[in-house]
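Student: Sharing a structure below in structure tokens format, with a few things to ask.
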Amino acid sequence: MKKRKIVLSCLLSLSFILGNMITPADAYSQNNVGDSVDGPEEAANDAYVHYDQDNCSWTFGTSMVEKTVELTEGQFLLKSFKNKLTGQQYLTDGQPGSEFSIKVDGTVHTGKNGNWSYVTQHTENLDLGSILLVIELQNEALAVKRNYIIYPQTGVIEEYSTFTNRKNSSVSFSEPSVFQQNLLSDRVSNTDFLYMSGGGDFTGSHTLKTVPLSAGYSRNFDSRGPCEYTPGGVSDPVMIEGSSAWHQFFALHDREREEGMFIMFNYAGTWFADIGNIEGSSVSLNGYVHMHDKPAKAGETITTPLALTGIFDGDIDDMGNTITDFQYRYKWDATNDDYFNKANAFDLLGYQNKQAYDYTPNVFMTTANNRYLGVEINVIDDFWYDRKGDWNSVDSENFSDFNTYIKKNGQQMCVWSAPWQVQPGAAVLESHPEWQIKNDNDYWYNYHLDQSNPDVIEWERNLMDGFQEQWGSHMLKYDGEPMWPNGNTTGDPMHISSPSCDNHMLEASNRWLSLLRDFKTEHPNAGVYTCSSGGELMMIETLRYAEVTSTSDGKVGDINGYWNSLLFPIDKLMQGGYQWDETAYSKAKRWDLRFSPQLNMSNPWYAESEEDKEAMRKDFDLFRFLRAQGLSGRWTKVFRPMVSGAGIPEHFLQKTNRDATAGVIFTCADETVGTSFQIYPKGLIPEREYTITSLEGSVQEASKTGEEWMENGISLTPFQEGEVIFLNVEKVPGKGKDSVAPGSPSNCTKESAEYLYRPGVELNWSDAEDETWISYYEIQKNGSYLDKVSVGTSYFEPYGDVNDSYSVLAVDGDGNKSPVTEAEVTGTVFPGPLSRSGWTASATYADDQAMNILDGDFQTRWTGERQERDKSLTVDFGDNQVIDTIIMDTGSSPYDYPYIYELFLSQDGQDWEKVTSGRTDSGTGSIKWFTFAARTARYAKFAIKGTQEAKGWWDVTELYAYFMNGTSPYIFGDNLAFNKTASASSVENDDLQYQASHAVDGNPDTRWSSAFQDGEWWMVDLGGETQISCARLEWQWAFSRDYELQTSVNGTDWQTITQIQSSDGEIDEILFSPVVARYFRIVSTKRASEYGVSLIEVGLYAG
């Protein structure tokens, strides 16, 4: 029940780090990790490669695109590039393309000037009908492999190159090309050049830019920027990674013909591109890796990033849907529906102090809030760990238990980490200082491991594997900066001391992308949430191996999802503004439902108003309903409708299902609320009839053909805040169109349970059925409303009593309720809490708050403030009760439990018996269990017995008493040391009545006593390696003031797991991080008296 360390063991033999240099064919190969293409077109394979041996030319493509390359007179050239959808040739006569370039020892080698000779060629059939064509060339300096991947039923061709040093000595490589195209040069006056600002944290990010081309247009793009942030805006000072300043996307759009082509690529490192009139070509698009004089040994190979070229017919929406359809078909193999297209809740309470924080109480409350609201991903963000690089959970955190509880409540756990970042003092840095980037910067994410080092990749992979294996399948949210300049002496990664500081990044990027691939392949039940200060690593391949991506650290604003959904599936995008705090709910937040919405829980324990909580629940209900209708998720199409009148086009976004038979338009509330204007939907089937309705009444219900709606528009009269417009969507929740009640849930059971240290009642049931939509389940207790469950089919009431009556009923989207299903007892049963009717509480400090611990409200509390000696809290049970357990719940704070304490019981309030005392070294979250032999008592008094410089004060939110009678779900369990072999450094006077074995014999009348000196020890052999996390030491009056607890697996090598100072004897209950050991030892470093030390009983417990 305590924290666990990640143990890096069972190192895997990863093919990408052993021997051969990694290639994009490895990094981006088709893996049958998840679903791929479906539908009737799956069998259609129009991909082809034709090799003309006589002319040494290759023609390849599909029914949509065709490309021809040729080796002639020592030149390897692009000879044709056709958009077969429109029949247009994009390569101007007399301007063949060069296909690749690289500098070797300062000399530029391109397809045009390299004096190339043919070596060989071959094709391979890849997954899903795609074809890999490999053409091998060479000259006196280089061997080159051009790799082309042709995908059926698309207008997309992927490509990359490998360059190998053929000389017998080292050479230097510089500026290997990522793409080289010179297309549409004869259409300059009719062509727009398109690019998009990147995903770094700056105002103006993720914005499509359109530039009408001219013959003299020329521009250089550098991934280090400067970025195009909005006038008066702000920008993160450090943005160096792949998509920070610019997305890896360029396009040409022929305005007159309404068609065009696009280029995208996948590179995590730094790059630059020259666009426009370059070397006499009026439309050149050339992209390069930042690399300068990188040494290459004889036979050494480098591999360029994977790029793609595609064509489209129509406007930019047609381009966007072409790009995303390609990803739906061929880049979906690793997407796990358990994590994809879900609302996310971020627990940000622990994040706010920017230091290690125990998330245990927040996980409990966030899960409960999510269960009510219908949020399906529970994100545990930064600062849950002790140190980057070590990645140990802190205090009472147990991520396996977190995962169990979160999954039980119909949600998935997501945990932040940055495996490539380390902090000073991390064990990995102590063991392998050579793994760190040279002349590193301790920036926001701290230090950086070198991703070009295969040993680093292996270590990171085992770390990521370890999380999955020890905690169970969950979502990894990665973050940080895996790419960082190496050997930069300026201290500023934006202004490096030498261009060679980026030379390692090509290999680093390839290895890092393979790390993502292999992790997802090995763990198909896991999820990945990609982030790098927002969207600094957004590319097709990172999103391929993720279910969701953060697009921004916040500065993108409300255009998020509008333009960047041209490049990526919209429902893999996420960044939003629902708030669980004092911020009042606004219908305007529904704009966030256009993609995966985010709920920021600044404080999960905040008492959100019932009105705002229910309003958010209905919004998330609408999100899940639309998902069920196929209006979000895989195959969704996105359009940007035209608006006339007062509306702002970027504040309206349309989505349709795969076959465009239904759609939805989301709106962003702005100053145009209250005005009337027209919105013109797109992408509808002209002859099909569409019925238009709206959530807020801006639109009158009407039915027309798709052609009529697209030509005449939809009238908003007037535009209402939070409006959502529906096209052929029936029985939308809350619109009153459903009058039939759902069926009742079945198989409804109740049992005693304990989650995250709180005992209570667990309910489980099977889903009810409804003709349209189950919105939530209502939980009733003793015939009265208790709560709502919007995700999952389970409920947990902390401190509930299984003897109470519990029942469940289903509620549809329009509030129709099923008959009630009573829960029947099953499984584990243990006593519930004693009735608190008639109880009172008092305190020596803040007495006026003491009754808050008995009011059943987790938003109120009593606080003793600083933990100082002799502060006490007393509870009067009203009459004598038989009790053996008291639970003190501190609510939201994981650190406000009593650290050094005594608990007394009394029948009359005069004569007090101490029943337990001790100290808590690590805590159990915000819960403290006091257990003792059953007593009859009317009063309980808790006293602080020492000033503690602890993280927290002493707070109590609620207090409960039990008579468990040996049925407790937590307490200590079996004493693992009982009757095991014990030994000691000495025995008082060598008297057998004080021998070591008496401390584990279970007899309170026997004890071990030592010689009269400091430094004596007592030890027990548990008989085999055993996990322990709690020690209970019962001292005789001759106790140890200061001592250490030590463990060993072999009895020779010892580690100290905790040090105790200023013990007051009697009973010490000590909790610590779980440790696996065979031997346990207590070493007395300071006696409390002139005599020895004496232990009556030692208990060791797994926890």
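With the sequence shown counted from 1, adding 32 to any position gets you the working numbering.
Beta carbons: idealized from backbone N, C-alpha and C, even for Gly.
Remember, it's a predicted structure, so these values are computed and weren't measured experimentally.
Measure how close the beta-carbons of N222 and D286 come, nearest whole angstrom, since I'm counting them as under 8 Å.
Tutor: Walking along the sequence shown from the start, residue 222 turns up at place 190. Walking along the sequence shown from the start, residue 286 turns up at place 254. About 5 Å; that satisfies the 8 Å criterion.
Student: Apart from the five residues on each side of it in sequence, which residues of its chain come closer than 8 Å, Cβ to Cβ, to F88?
Tutor: What you label residue 88 is simply residue 56 of the sequence shown in a count that begins at 1. First, the amino acid is wrong: residue 88 is Cys here, not Phe. Scanning its chain for C-beta atoms nearer than 8 Å, with the 5 sequence neighbours on each side dropped, one finds around C88 the residues E102, L103, T104, Y150, in chain order.
Student: What three-state label does DSSP hand H1030 in the structure shown?
Tutor: Along the sequence shown, one-based indexing puts residue 1030 at 998. If DSSP states are grouped into helix, strand and coil, H1030 belongs with the helices.
Student: Run through DSSP, which three-state label would C533 get?
Tutor: Residue numbering aside, residue 533 sits at position 501 when the sequence shown is read from its first letter. Helix at C533.
Student: By alpha-carbon positions, which one of P244, F281, F234 ends up nearest to P258?
Tutor: Taking the sequence shown and counting its residues from 1, the one referred to as residue 258 is at position 226. The shortest C-alpha separation from P258 is found at F234.
Student: Flag G126 as yes when its Cβ comes closer than 8 Å to any non-hydrogen atom of the ligand SAM, and as no otherwise.
Tutor: What this structure holds is no ligand at all, so the ligand SAM is not there to describe.
Student: Compare the Cα-Cα distances from A450 to each of K177, T948, S484, Y561 and report the closest residue.
Tutor: If you number the sequence shown from 1, residue 450 lands on position 418. Comparing Cα-Cα distances from A450 to each of K177, T948, S484, Y561, the minimum goes to Y561.
Student: Should P926 be labelled buried (16 or more other beta-carbon atoms within 10 Å of its own) or exposed?
Tutor: One-based indexing of the sequence shown puts residue 926 at position 894. By the 10 Å Cβ count, P926 comes out buried.
Student: Can you give the beta carbon distance from K687 to G679, rounded, assuming they're within the 8 Å contact cut?
Tutor: For the purposes of this step, residue 687 is identified with residue 655 of the sequence shown, where counting begins at 1. For the purposes of this step, residue 679 is identified with residue 647 of the sequence shown, where counting begins at 1. K687 to G679, Cβ: 18 Å. No contact.
Student: So what's V220 in DSSP terms, helix, strand or just coil?
Tutor: Along the sequence shown, one-based indexing puts residue 220 at 188. Three-state result, V220: helix.
Student: Taking just the CA atoms, how far does L569 sit from A1120?
Tutor: Stepping through the sequence shown from its first residue, residue 1120 is reached at position 1088. Stepping through the sequence shown from its first residue, residue 569 is reached at position 537. Roughly 60 Å separates the two Cα atoms.
Student: Using CA coordinates, which residue listed in Q1027, Y971, G950 is at the minimum distance from S1095?
Tutor: On the sequence shown, residue 1095 is found 1063 positions in, with the first residue counted as 1. If we check each option's Cα against that of S1095, G950 comes out closest.
Student: By how many angstroms is the C-alpha of Q443 removed from the C-alpha of R251?
Tutor: Within the sequence shown, the letter at position 219 stands for residue 251. Within the sequence shown, the letter at position 411 stands for residue 443. So the two alpha carbons sit approximately 48 Å from each other.
Student: In this structure, does DSSP put W416 in helix, strand or coil?
Tutor: Sequence index remark: in the sequence shown, residue 416 carries index 384 (1-based). Correct three-state label for W416: coil.
Student: Using a Cβ-Cβ cut-off of 6 Å (strictly less than) and excluding sequence neighbours within five positions of R281, which residues of its own chain qualify?
Tutor: Position 249 of the sequence shown, counted from the start, is the residue given in the question as residue 281. Note that residue 281 is Phe in the sequence shown, not Arg. M228, M296, L599, listed in sequence order.
Student: Quick check on this structure: which residue in L226, A330, G301 has the alpha carbon closest to the alpha carbon of T196?
Tutor: In the sequence shown, counting from the first residue as 1, residue 196 sits at position 164. Per the Cα distances, A330.
Student: Determine the burial state of A339: buried for a count of at least 16 other Cβ atoms within 10 Å of its Cβ, exposed for fewer.
Tutor: In the sequence shown, the residue the question calls residue 339 occupies position 307. With 16 or more Cβ atoms within 10 Å of its Cβ, A339 is classed as buried.
Student: Going by DSSP in three states, I272 sits in which element: helix, strand or coil?
Tutor: Within the sequence shown, the letter at position 240 stands for residue 272. DSSP places I272 in coil when its eight states are reduced to three.
Student: Closer than 6 Å by C-beta to M53: which residues in its own chain qualify, once you throw out the five before and the five after it? Chain order, please.
Tutor: If you number the sequence shown from 1, residue 53 lands on position 21. In this prediction, M53 has a pLDDT of 40, which is less than 50 and means its spatial position is unreliable; nothing more can be read from the coordinates.
Student: Suppose you measure from the CA of T737 to the CA of H279; what does that come to, to the nearest Å?
Tutor: Taking the sequence shown and counting its residues from 1, the one referred to as residue 737 is at position 705. Taking the sequence shown and counting its residues from 1, the one referred to as residue 279 is at position 247. The straight-line gap from Cα to Cα measures roughly 38 Å.
Student: So what's A647 in DSSP terms, helix, strand or just coil?
Tutor: What you label residue 647 is simply residue 615 of the sequence shown in a count that begins at 1. Under the three-state reduction of DSSP output, A647 falls in the helix class.
Student: From this set, A969, F671, T398, which residue's C-alpha is nearest R690's C-alpha?
Tutor: The count along the sequence shown starts at 1 and reaches residue 690 at position 658. The residue with the shortest Cα to Cα distance from R690 is F671.
Student: For L1103, write down the residues that DSSP places opposite it in a beta bridge.
Tutor: By 1-based counting over the sequence shown, the position of residue 1103 is 1071. Bridge pairing for L1103: C1062 [DSSP].
Student: Could you round the C-beta distance between P517 and W544 to whole angstroms and report it? I think they count as a contact, below 8 Å.
Tutor: As a first step, residue 517 is located in the sequence shown; it is residue number 485 there, counting from the start. As a first step, residue 544 is located in the sequence shown; it is residue number 512 there, counting from the start. That pair is no contact at about 15 Å.
Student: Does the distance from the CB of N441 to the CB of R403 come in under 9 Å?
Tutor: As a first step, residue 441 must be located in the sequence shown, where it is residue number 409. As a first step, residue 403 must be located in the sequence shown, where it is residue number 371. Closer than 9 Å, so yes.
Student: Return helix, strand or coil for W148, following the three-state DSSP convention.
Tutor: Looking up residue 148 in the sequence shown gives position 116. W148 sits in coil when the DSSP states are folded into three classes, being neither helix nor strand.
Student: Using CA atoms only, rank isn't needed, just tell me which of C700, G421, W595, N376 is closest to V407.
Tutor: In the sequence shown, the residue the question calls residue 407 occupies position 375. Nearest option by C-alpha distance: N376.
Student: Tell me which same chain residues have a C-beta within less than 6 Å of the C-beta of A1009, skipping the five on either side of it?
Tutor: Within the sequence shown, numbered from 1, the residue matching residue 1009 stands at position 977. Excluding positions up to five away in sequence, the list reads V1032, V1052, V1130, L1132.
Student: Do you know how far the Cα of Y299 is from the Cα of Y475?
Tutor: Numbered from its first residue, the sequence shown carries residue 475 at position 443. Numbered from its first residue, the sequence shown carries residue 299 at position 267. For Y475 and Y299, the distance between alpha carbons rounds to 22 Å.
Student: In whole angstroms, what is the alpha-carbon distance linking I181 and M606?
Tutor: Taking the sequence shown and counting its residues from 1, the one referred to as residue 181 is at position 149. Taking the sequence shown and counting its residues from 1, the one referred to as residue 606 is at position 574. Rounded to whole angstroms, I181 and M606 show a C-alpha spacing of 30 Å.
Student: From the beta carbon of E643, is the nearest beta carbon of chain D less than 9 Å away?
Tutor: No chain D is part of this structure, which consists of one protein chain only.
Student: What residues in its chain sit with their C-beta under 7 Å from that of N814, if we drop five residues either side in the sequence?
Tutor: Indexing the sequence shown from 1 puts residue 814 at position 782. Excluding sequence neighbours, N814 sits near D836, S837.
Student: So, with DSSP's three-state summary, where would you put E73?
Tutor: By one-based count along the sequence shown, residue 73 stands at place 41. With a pLDDT of 36 at E73, under the threshold of 50, the modelled position of this residue cannot be trusted; read the value that follows with caution. Note: E73 maps to helix in three-state DSSP.
Student: Can you give me the Cβ contacts of D1145 inside the same chain, cut-off strictly under 6 Å, excluding the 5 residues immediately before and after it?
Tutor: Within the shown structure, residues of the chain are numbered from 33 to 1135, placing residue 1145 beyond reach of any answer.
Student: Report the residue from Y712, Y994, D911, S267 whose alpha carbon sits nearest the alpha carbon of D833.
Tutor: Looking up residue 833 in the sequence shown gives position 801. When each option's Cα is compared against that of D833, the closest is Y994.
Student: With a threshold of 16 other CB atoms inside 10 Å of the CB of A1136, please say whether the residue is buried or exposed.
Tutor: Outside the shown range of the chain, which is 33 to 1135, sits residue 1136, and nothing can be said about it.
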